[in-house]
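Colleague: To convert, note that position 140 of the sequence shown is 139 in numbering that gives the first Met the number 0; the numbers rise steadily by one, no gaps.
The C-beta atom is built at its ideal place from N, Cα and C for all residues, glycine as well.
A single structure is presented below for examination.
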Amino acid sequence: MSTFKNYLLSKGYSTETTNSYNRGLLQYIVWSETQKIEVEQSTYNEVISYVQYLKNKGLQQRSIQQSVNSLKHYFKWLIKRQLRNDNPTSNVNIKGIKRRKLHNVLNKQELEKLYNDFKNIETESLAKKRNEIIVSLLIYQGLNSKELGRLKVTDLKLREGKIYIERTRNSNERHLKLEAHQILDIMEYQLRTREEILKEAKKQTDLLFMSFGKSAKFHNVIHKLLPQLKRLNRNIKSVNQIRTSVITAWLKSYNLREVQYMSGHRYVSSTEAYLVNDLEDLQEDINKYHPIN
Numbered sequence: 000m001s002t003f004k005n006y007l008l009s010k011g012y013s014t015e016t017t018n019s020y021n022r023g024l025l026q027y028i029v030w031s032e033t034q035k036i037e038v039e040q041s042t043y044n045e046v047i048s049y050v051q052y053l054k055n056k057g058l059q060q061r062s063i064q065q066s067v068n069s070l071k072h073y074f075k076w077l078i079k080r081q082l083r084n085d086n087p088t089s090n091v092n093i094k095g096i097k098r099r100k101l102h103n104v105l106n107k108q109e110l111e112k113l114y115n116d117f118k119n120i121e122t123e124s125l126a127k128k129r130n131e132i133i134v135s136l137l138i139y140q141g142l143n144s145k146e147l148g149r150l151k152v153t154d155l156k157l158r159e160g161k162i163y164i165e166r167t168r169n170s171n172e173r174h175l176k177l178e179a180h181q182i183l184d185i186m187e188y189q190l191r192t193r194e195e196i197l198k199e200a201k202k203q204t205d206l207l208f209m210s211f212g213k214s215a216k217f218h219n220v221i222h223k224l225l226p227q228l229k230r231l232n233r234n235i236k237s238v239n240q241i242r243t244s245v246i247t248a249w250l251k252s253y254n255l256r257e258v259q260y261m262s263g264h265r266y267v268s269s270t271e272a273y274l275v276n277d278l279e280d281l282q283e284d285i286n287k288y289h290p291i292n
């Protein structure tokens, strides 16, 4: 069991989540012994029987799903160790659970349209030029407002075509690729626009972005930017919604571990939470998975 726990920890799960999955497996092992079932050789029908047993005990659907999740990870672990080559829980899903949707997400086309529409606003103000870079980093790198507010000029790696996001208490560090058009725009911002903003605002700072007022809080910049984005797309609610939309789009093109890195998530379970935003996949779940009412 300790090896299974180490496997879960290596996948990025927290100690609390690991212990929860381990308890779920132990409960299944105890039940299997009463049914004279070889745990490692469990079949789909035996897993369904266990689910029915949990239902008869009066467990709520969400608790049953958590138990099934424990088994899913256990059988994945057995496959990894080449102790079996199939997962009997693959087509088991529990109906009746209200799935959490993080935000009303925008698709990739809507995100790019938002960026292009903002870029095409007819004004050459310094704030507009600064905000163009901010919006591009929101949409192409999925940064949140805190990360944007902490960016320093030294975090730009333009020769490498990347930007560095430092580690925080809640996120991992990462180097994210910049789009080709971003590199040219950021270079112009760094060499010209930023210097003009510093001069006009009478500030000295190594931060990449700053406001024009006396306050150094980046929140003020976002507070003024968000209404402009809402005018371009009435479905825009927040910066977090944009980040969620970007991560959800990434999950359609990259594997889970790649998206975990790009998002800066410390645990892969945080990245998995964004999977519930994919309504197409949710519909496939309804059509495909074994219904248990």
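(1) Going by the beta-carbon positions, is the gap between S62 and L70 smaller than 9 Å?
(2) Quick check on K176: does DSSP put it in helix, strand or coil?
(3) Buried or exposed: where does S9 fall if 16 or more other Cβ atoms within 10 Å of its Cβ makes it buried?
(4) Let me confirm a value: R129 is counted as buried when at least 16 other C-beta atoms fall within 10 Å, else exposed. Which label applies?
(5) Please list, in chain order, all residues of the same chain as K118 whose beta carbon is under 7 Å from its beta carbon, the five residues on each side excluded.
(6) If contact is defined by three or more beta carbon pairs under 8 Å, each pair taking one atom from either stretch, is the segment 144-159 in contact with the segment 217-236?
(7) Measure the alpha-carbon distance for E39 versus E32 and round it to whole angstroms.
(8) Rounding to the nearest angstrom, what Cα-Cα distance links I47 and K79 in this structure?
(9) Measure the alpha-carbon distance for T247 versus K112 and round it to whole angstroms.
(10) Contact between the segment 169-181 and the segment 198-210 is defined here as three or more beta-carbon pairs at a separation below 8 Å; is this criterion met?
(11) Just verifying my parser: in three-state terms, what is the DSSP assignment at Y12?
(12) Pick out whichever of E15, T122, V67 has its Cα sitting closest to the Cα of N86.
(13) Whose C-alpha, out of P226, N232, Q140, is nearest the C-alpha of Y260?
(14) Does DSSP put S170 in a helix, in a strand, or in coil?
(15) State the DSSP-derived secondary structure class of V258, mapped to helix, strand or coil.
(16) Kindly indicate if chain C contains any beta-carbon less than 9 Å away from that of R242.
(17) What is the residue span of the beta strand (DSSP E) that I164 lies within?
(18) Count the other C-beta atoms from every protein chain shown that fall within 10 angstroms of the C-beta of S41, then say buried if there are 16 or more, exposed otherwise.
(19) How big is the Cα-Cα spacing for N55 and R83?
(20) Name, in chain order, the residues that DSSP records as bridge partners for L206.
(21) Going by other Cβ atoms of all chains shown within 10 Å of its Cβ, with 16 needed for buried, is Y273 buried or exposed?
(22) Is DSSP giving N286 helix, strand or coil here?
(23) Is the beta carbon of Y163 closer than 9 Å to that of S135?
(24) What does DSSP give as the partner residue(s) for H264 in the beta ladder?
(25) Does the Cβ-Cβ distance between Y27 and Y43 come in under 9 Å?
(26) Is K35 helix, strand or coil when you go by DSSP?
(27) Please state if the CB of Y73 and the CB of V267 are separated by a distance shorter than 9 Å.
Modeller: Taking the definition as stated:
(1) Here the question's residue 62 lines up with position 63 in the sequence shown. Here the question's residue 70 lines up with position 71 in the sequence shown. No, these two residues do not count as a Cβ contact at 9 Å.
(2) Taking the first residue of the sequence shown as position 1, residue 176 is located at position 177. DSSP places K176 in strand when its eight states are reduced to three.
(3) Taking the first residue of the sequence shown as 1, we reach residue 9 at position 10. By the neighbour-count rule (16 or more Cβ atoms within 10 Å), S9 is not buried but exposed.
(4) Residue numbering aside, residue 129 sits at position 130 when the sequence shown is read from its first letter. Flag for R129 reads buried.
(5) Counting from 1 along the sequence shown, the entry for residue 118 is found at position 119. Closer than 7 Å at the Cβ level, and outside the excluded window around K118, lie E131.
(6) yes
(7) Counting from one through the sequence shown, the residue named residue 39 turns up at place 40. Counting from one through the sequence shown, the residue named residue 32 turns up at place 33. Approximately 12 Å, taken between the alpha carbons.
(8) Walking along the sequence shown from the start, residue 47 turns up at place 48. Walking along the sequence shown from the start, residue 79 turns up at place 80. Approximately 23 Å, taken between the alpha carbons.
(9) The residue labelled residue 247 in the question sits at position 248 within the sequence shown. The residue labelled residue 112 in the question sits at position 113 within the sequence shown. C-alpha separation (whole angstroms): 17 Å.
(10) no
(11) By one-based count along the sequence shown, residue 12 stands at place 13. Reduced to three states, the DSSP call for Y12 is coil.
(12) Within the sequence shown, numbered from 1, the residue matching residue 86 stands at position 87. Minimum Cα distance to N86 is reached at V67.
(13) For the purposes of this step, residue 260 is taken as residue 261 along the sequence shown, with counting starting at 1. Y260 has its Cα closest to that of Q140, out of P226, N232, Q140.
(14) Counting from one through the sequence shown, the residue named residue 170 turns up at place 171. Reduced to three states, the DSSP call for S170 is strand.
(15) By one-based count along the sequence shown, residue 258 stands at place 259. Note: V258 maps to helix in three-state DSSP.
(16) In the structure shown, chain C does not exist; there is a single protein chain.
(17) Within the sequence shown, numbered from 1, the residue matching residue 164 stands at position 165. Its beta strand (DSSP E) spans residues 161-164.
(18) Within the sequence shown, numbered from 1, the residue matching residue 41 stands at position 42. S41 is buried by the Cβ-count criterion.
(19) The count along the sequence shown starts at 1 and reaches residue 55 at position 56. The count along the sequence shown starts at 1 and reaches residue 83 at position 84. Taking the straight line from one Cα to the other gives about 29 Å.
(20) Taking the sequence shown and counting its residues from 1, the one referred to as residue 206 is at position 207. According to DSSP, which records beta bridges pairwise, L206 is partnered with K151.
(21) Position 274 of the sequence shown holds residue 273. Looking at its Cβ environment, which holds 16 or more other Cβ atoms inside 10 Å, Y273 is buried.
(22) Walking along the sequence shown from the start, residue 286 turns up at place 287. Note that N286 scores 49 on pLDDT, short of 50, meaning its location in the model is unreliable; the coordinates nonetheless yield the value given after this. Three-state DSSP puts N286 in a helix.
(23) The sequence position of residue 135 within the sequence shown is 136, counting from 1. The sequence position of residue 163 within the sequence shown is 164, counting from 1. Taking 9 Å as the Cβ cut-off, S135 and Y163 do not qualify as a contacting pair.
(24) As a working mapping, residue 264 is identified with position 265 in the sequence shown. Looking at the DSSP assignment, H264 forms a beta bridge with S170.
(25) Working through the sequence shown from its first residue, we reach residue 27 at position 28. Working through the sequence shown from its first residue, we reach residue 43 at position 44. It is not a contact, given that the beta carbons lie outside the stated cut-off.
(26) Taking the first residue of the sequence shown as position 1, residue 35 is located at position 36. Coil.
(27) By one-based count along the sequence shown, residue 267 stands at place 268. By one-based count along the sequence shown, residue 73 stands at place 74. Not a contact, by the Cβ cut-off of 9 Å.
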